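Student: I'd like to ask some things about the structure below.
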Amino acid sequence: AVFKSKDFRDLVLQKPEILIHDGVIDFKILAKLEITSNELEEVIREHGVENYKNVKLAMMEIDGNISIISNELKEMQTFHKRKIHKNLGSKNN
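Using the numbering used here, the first residue of the sequence shown is number 66, and each one after it goes up by one.
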């Protein structure tokens, strides 16, 4: 299939992005995905993790979910659907 819309093509073909690895936040990826550090910290707290330094891996999945693997939870994986009111690929919202 040929996608004429660059935004649609990027949305469909994007890969999961690592937001936190071994307690280190990747601020370049956060900026690329237009996620603030406050939004990320809120997601982490919603899953019972007090501090981002206790996150082994946080990843933005291609469907918009954020997966979190915590050192505290011994590799338990949780998901959070982004509640951000921006549309992916649009900077107007």
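C-beta: ideal position from N, C-alpha, C; glycine also. Here the structure is a predicted model, which means the values were calculated and not measured.
Hey, out of Lys-118, Ile-134, Pro-81, whose CA is closest to Gly-88's CA?
Tutor: The shortest C-alpha separation from Gly-88 is found at Lys-118.
Student: Alpha carbon to alpha carbon, how far is Ile-85 from Lys-97?
Tutor: Cα to Cα, the separation comes out at about 14 Å.
Student: Considering only residues of the same chain and omitting the five flanking positions on each side of Ser-102, which have a CB-CB separation below 8 Å?
Tutor: Here the set comprises Ile-90, Phe-92, Leu-95.
Student: Identify the continuous beta strand (DSSP E) that holds Ile-127 and give its terminal residues.
Tutor: Careful: Ile-127 lies outside any beta strand (DSSP E) and carries neither H nor E.
Student: Could you pull the start and end residues of the beta strand (DSSP E) that Ile-94 belongs to?
Tutor: Element bounds for Ile-94: not the beta strand (DSSP E) but the alpha helix (DSSP H), 92 to 98.
Student: For the ligand HEM, is there any heavy atom lying closer than 7 Å to the beta carbon of Ile-109?
Tutor: For the ligand HEM, the structure offers nothing, since it holds no ligand at all.
Student: Quick one: what does DSSP say Lys-121 is sitting in, helix, strand or coil?
Tutor: In the structure shown, Lys-121 sits in a strand (DSSP, three-state: E or B).
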